[in-house]
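**Student:**
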Amino acid sequence: SSHVAGTGIDVNEPLHRWASRCVPWHTQGACRAALDCPLVMACIPAGDVVDVYQREFLALRDRLHAAEQESLKRSKELNLVLDEIKRAVSERQALREGEGNRTWGHLTEDPRLKPWNGSHRQVLHLPTVFHHLPHLLAKESSLQPAVRVGQGRTGVSVVMGIPSVRREVHSYLTDTLHSLISELSPQEKEDSVIVVLIAETDPQYTSAVTENIKALFPTEIHSGLLEIISPSPHFYPDFSRLRESFGDPKERVRWRTKQNLDYCFLMMYAQSKGIYYVQLEDDIVAKPNYLSTMKNFALQQPSEDWMILEFSQLGFIGKMFKSLDLSLIVEFILMFYRDKPIDWLLDHILWVKVCNPEKDAKHCDRQKANLRIRFKPSLFQHVGTHSSLAGKIQKLKDKDFGKHALRKEHVNPPAEVSTSLKTYQHFTLEKAYLREDFFWAFTPAAGDFIRFRFFQPLRLERFFFRSGNIEHPEDKLFNTSVEVLPFDNPQSDKEALQEGRAATLRYPRSPDGYLQIGSFYKGVAEGEVDPAFGPLEALRLSIQTDSPVWVILSEIFLKKAD
C-alpha cells in the first residue's frame with residue numbers, strides 16, 4: 001500500500017501538500033500544529049503521542065485558568081468603573097439641581113441669582129435650595145463652611161454625621177468621639193468618615209472647639225477619619241420672624257428650626273463622601289463592632305426599597321440612610337423646616353411615599369415598616385442629661401441598648417483584692433476581678449488605692465484596666481498610677497532578683513517599696529511588665545489627687561507570663 005499505517009500519509013502524495021499541513025515549530029501554537037502534521041506524527045512513537053497530547057492539555061488548562069483570573073480582574077475593574085459612573089451621574093444631577101433657576105415670583109429675575117445659575121436661559125427650571133432659603137443669595141459664601149478641617153476623604157462605606165452646639169452646663173462631644181473611635185477596627189477606620197458639625201456662628205467658640213478636637217485627635221484628623229466643619233454665619237435665616245406652632249414657645253421653635261437646618265447642612269456636606277450616611281448626636285456612646293454591624297445589616301436587606309435603618313429607638317440617633325436618598329430628604333426637610341421637628345418630618349416622608357389615604361392607619365404603618373426597619377438591640381445609648389435647648393433636662397435612655405460587652409473571656413490569677421474606696425451598693429471589687437460585674441465606688445481622694453495581692457508570687461506579662469463604662473463614661477480614674485511590688489526573697493530567684501534590682505532604678509519607688517510602671521490616660525491604663533522584676537507579690541492602683549467624680553473600674557485584665 002502507498003499509505004503509511006496510522007498516519008494518513010500517502011507516499012505518492014506530492015510533498016508540497018504535506019508541507020501545507022505543517023507550520024514552523026517556532027511559531028505561536030507550534031505544539032498544536034505539530035499534532036496536525038503527518039510528517040511529525042509519523043516519526044513520533046505512540047507513547048510519546050500521548051505525552052504530547054497531555055502536555056497540550058495541561059498548557060490549555062493553564063491558559064484557561066489565566067483567562068479566568070484575567071476575567072475576574074476585569075470584572076472587578078468594571079464594577080469599580082460602574083460605581084464611579086453612578087457617583088458621577090449623581091453628582092452631575094445634584095450640580096444641575098444646584099444651578100437651576102427659581103420660578104417663583106420676583107426671584108426668577110433676581111440678579112443675585114446669576115452667580116449661582118449656569119442655565120438661566122432655559123425656559124423650565126428646577127427648584128433649588130435658594131427657593132427655601134432665599135437669604136442665601138445675599139452672600140456667595142453662605143453655603144461654604146466657615147471652618148473645614150480634615151483630609152476631605154471620599155469613597156468610604158459609611159459617613160457618620162455629628163451636629164454639636166454650645167451647651168450651657170456640659171459638653172459631651174469629646175466623650176462621644178472617644179467612644180465612636182475606640183470601637184473601630186483599623187480596617188473600619190480606613191472605610192469610614194466622622195464629620196463633626198460645630199453648629200455655631202461665634203468664631204471664638206468654633207475655633208476653641210476645633211482646636212480642642214485637633215489636640216485630642218491629631219492622628220484621626222491626619223488620617224482622614226475625622227473632619228470638622230462649621231457653617232457660614234450667613235447660612236441661617238433670621239429666626240426672629242418664626243411663627244409659634246403646636247403650642248411651643250418661640251425659643252423652642254427657634255431651637256427645632258435651627259436643628260433642622262443643621263441636619264440639612266451635614267447631609268449636603270456628607271452626601272458625596274460614601275455609600276451610607278448615619279445620623280448621630282454629640283452625647284452618645286457606641287457598642288463594640290457598631291460600624292460592621294450597621295454595614296452588614298444594610299447589605300443583608302432583601303430589598304433596596306428601605307429608606308431608614310434604625311440602630312437606636314431614640315430621636316435622631318443611629319439613623320442610617322442611603323447617600324443617594326439624601327437629596328430627597330434634604331429637599332423635603334427644607335420645604336417644612338420652620339413647621340415641624342425632624343422626627344415628624346421623617347415620618348411624613350414615609351407617609352407620602354407609601355401610605356394610601358383610602359386605607360386605615362394600620363395599613364399605613366405596615367407599609368412604612370417596609371421603609372423604616374429597626375435593628376435590635378440598639379447600638380447607641382444616649383448619655384447626656386443637659387439638652388442643647390437651654391434649661392431642658394432630659395434623662396432619655398434606650399432600653400434596648402443592653403450592657404457593654406466585656407473583653408474576651410479571661411481568668412485573672414488568684415489574688416486577695418482590697419481597696420480603701422467606699423463601694424457603692426453591690427458593685428464590689430471582687431466581682432469586677434472575677435469579671436462578674438464592674439466595681440463602682442464613691443468619689444476617690446488622694447491616697448486611696450485598689451490592690452491585688454497574689455496568693456503566690458508570679459510573673460506578669462501585661463496589664464489592662466478600663467475605668468468608666470458606656471452608661472457612666474465620666475466615672476473614670478484620673479491621675480492614678482499602676483504600681484507593682486517585686487517578690488524580694490533572697491533565698492530564691494537570686495538571679496532574677498539581681499536583674500530586678502537593676503531594673504528598679506529606672507522606675508519611681510514609693511516609700512513602701514512599690515514601683516510605678518504605668519498610669520491612667522483617658523480612663524485607661526495598659527502596658528507590659530518588665531520581666532526583670534521577676535515574681536511579683538502585688539499590683540496596686542494608687543490615686544494621686546482628689547477626684548471630682550465617682551469611679552467605675554469596668555475591666556481588669558492581668559496576664560501571667562508563660
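Residue numbers (the UniProt record's numbering): 1 to 562. Using N, Cα and C, we set each Cβ at its ideal position, and we do this for glycine too.
#1: Under three-state DSSP, which class holds residue 271?
#2: Below 8 angstroms on the Cβ atoms is my contact criterion, and I expect residue 145 with residue 282 to pass it. Report the Cβ-Cβ distance as a whole number of Å.
#3: In this structure, how does DSSP classify residue 476 when only helix, strand and coil are distinguished?
#4: Measuring straight from C-alpha to C-alpha, what distance separates residue 550 and residue 440?
#5: Ignoring anything shorter than 4 residues, give me the alpha helix (DSSP H) runs that lie fully in the segment 147-192, in order along the chain.
#6: Apart from the five residues just before and just after residue 452, which ones in its own chain have a Cβ nearer than 6 angstroms to its Cβ?
#7: Considering residue 286, what are the terminal residues of the beta strand (DSSP E) in which it resides?
#8: Keeping to the same chain, check which residues put their C-beta closer than 7 angstroms to that of residue 446; ignore five residues upstream and five downstream.
#9: Relative to the ligand FAD, is the shortest distance from any of its heavy atoms to the C-beta of residue 55 smaller than 6 angstroms?
#10: Have a look at residue 476 and residue 519 and give me their C-alpha separation to the nearest angstrom.
#11: Count the other C-beta atoms from every protein chain shown that fall within 10 angstroms of the C-beta of residue 4, then say buried if there are 16 or more, exposed otherwise.
#12: If you count every other CB in all the chains shown that lies within 10 Å of the CB of residue 468, and 16 or more means buried, which is it?
#13: Identify, in the order they occur along the chain, each residue of the same chain with its Cβ nearer than 6 angstroms to the Cβ of residue 215, setting aside the five sequence neighbours on each side.
#14: Can you pull the DSSP bridge partners for residue 53?
#15: Does the distance from the CB of residue 350 to the CB of residue 368 come in under 7 angstroms?
#16: Which residues bound the alpha helix (DSSP H) around residue 429?
#17: List the endpoints of the continuous beta strand (DSSP E) containing residue 466.
#18: Rounded to the nearest angstrom, what separates residue 345 and residue 336 at their Cα positions?
#19: State buried or exposed for residue 492, treating a residue as buried only when at least 16 other CB atoms are found within 10 Å of its CB.
#20: Just checking: is the beta-carbon of residue 323 within a distance shorter than 7 angstroms of some beta-carbon in chain C?
#21: Rounded to the nearest angstrom, what separates residue 263 and residue 514 at their Cα positions?
#22: By the three-class DSSP mapping on this structure, what secondary structure does residue 561 have?
#23: Taking contact to mean at least 3 C-beta pairs separated by less than 8 angstroms, is the segment 299-306 in contact with the segment 174-191?
#24: To the nearest angstrom, how far is the alpha carbon of residue 392 from that of residue 437?
#25: For residue 440, which three-state DSSP category applies?
#26: Would you kindly report the start and end of the unbroken beta strand (DSSP E) that includes residue 380?
#27: Are the Cβ atoms of residue 560 and residue 462 separated by less than 7 angstroms?
#28: For residue 357 and residue 127, what's the separation of their Cα atoms in angstroms?
#29: Assuming residue 465 contacts residue 524 under a Cβ cut-off of 8 angstroms, what Cβ separation, rounded to an integer in Å, is found between them?
#30: What does the alpha-carbon distance come out to for the pair residue 239 and residue 254?
#31: Please name the residue in 197, 219, 220 whose C-alpha comes closest to that of residue 209.
#32: What's the call for residue 65, buried or exposed, on a 16-neighbour Cβ count within 10 Å?
#33: Along the alpha helix (DSSP H) that carries residue 326, what are the first and last residues, could you check?
#34: Would you kindly report the start and end of the unbroken alpha helix (DSSP H) that includes residue 211?
#35: Residue 540 lies in the beta strand (DSSP E); which residues open and close that run?
#36: Round the Cβ separation of residue 233 and residue 199 to the nearest angstrom and send it over; I've been treating them as touching at under 8 angstroms.
**Tutor:** Per the coordinate set shown:
#1: Looking at residue 271 - three-state DSSP - the assignment turns out to be coil, as it is neither helix nor strand.
#2: Not confirmed; about 17 angstroms, so no contact.
#3: coil
#4: Whole-angstrom Cα-Cα distance: 8 angstroms.
#5: 173-182, 186-190
#6: 415, 417, 539
#7: 284-286
#8: Result list for residue 446: 543, 544, 545, 546, in chain order.
#9: What this structure holds is no ligand at all, so the ligand FAD is not there to describe.
#10: 13 angstroms
#11: The predicted model places residue 4 with a pLDDT of 48, which falls under 50 and marks its position as unreliable; any figure quoted below should be read in that light. With fewer than 16 other Cβ atoms within 10 Å, it is exposed.
#12: It counts as buried.
#13: none
#14: BP columns for residue 53 are empty, so no partner.
#15: yes
#16: 429-433
#17: 460-467
#18: 8 angstroms
#19: Here the model assigns residue 492 a pLDDT of 40, short of 50, so the residue's position is not dependable and the matter cannot be decided.
#20: Here chain C cannot be found, since the structure has a single protein chain.
#21: So the two alpha carbons sit approximately 53 angstroms from each other.
#22: coil
#23: no
#24: Residue placement at residue 392 is flagged as unreliable, the pLDDT there being 46, under the threshold of 50; a coordinate-derived value is accordingly withheld.
#25: strand
#26: 380-382
#27: no
#28: 27 angstroms
#29: 7 angstroms
#30: 6 angstroms
#31: For the options 197, 219, 220, the alpha carbon positioned closest to that of residue 209 is the one of 197.
#32: It is exposed - the Cβ of residue 65 has fewer than 16 other Cβ atoms within 10 Å.
#33: Per DSSP, residue 326 belongs to the alpha helix (DSSP H) from 326-336.
#34: 203-216
#35: Per DSSP, residue 540 belongs to the beta strand (DSSP E) from 536-543.
#36: With a Cβ gap of about 12 angstroms, residue 233 and residue 199 do not count as contacting.
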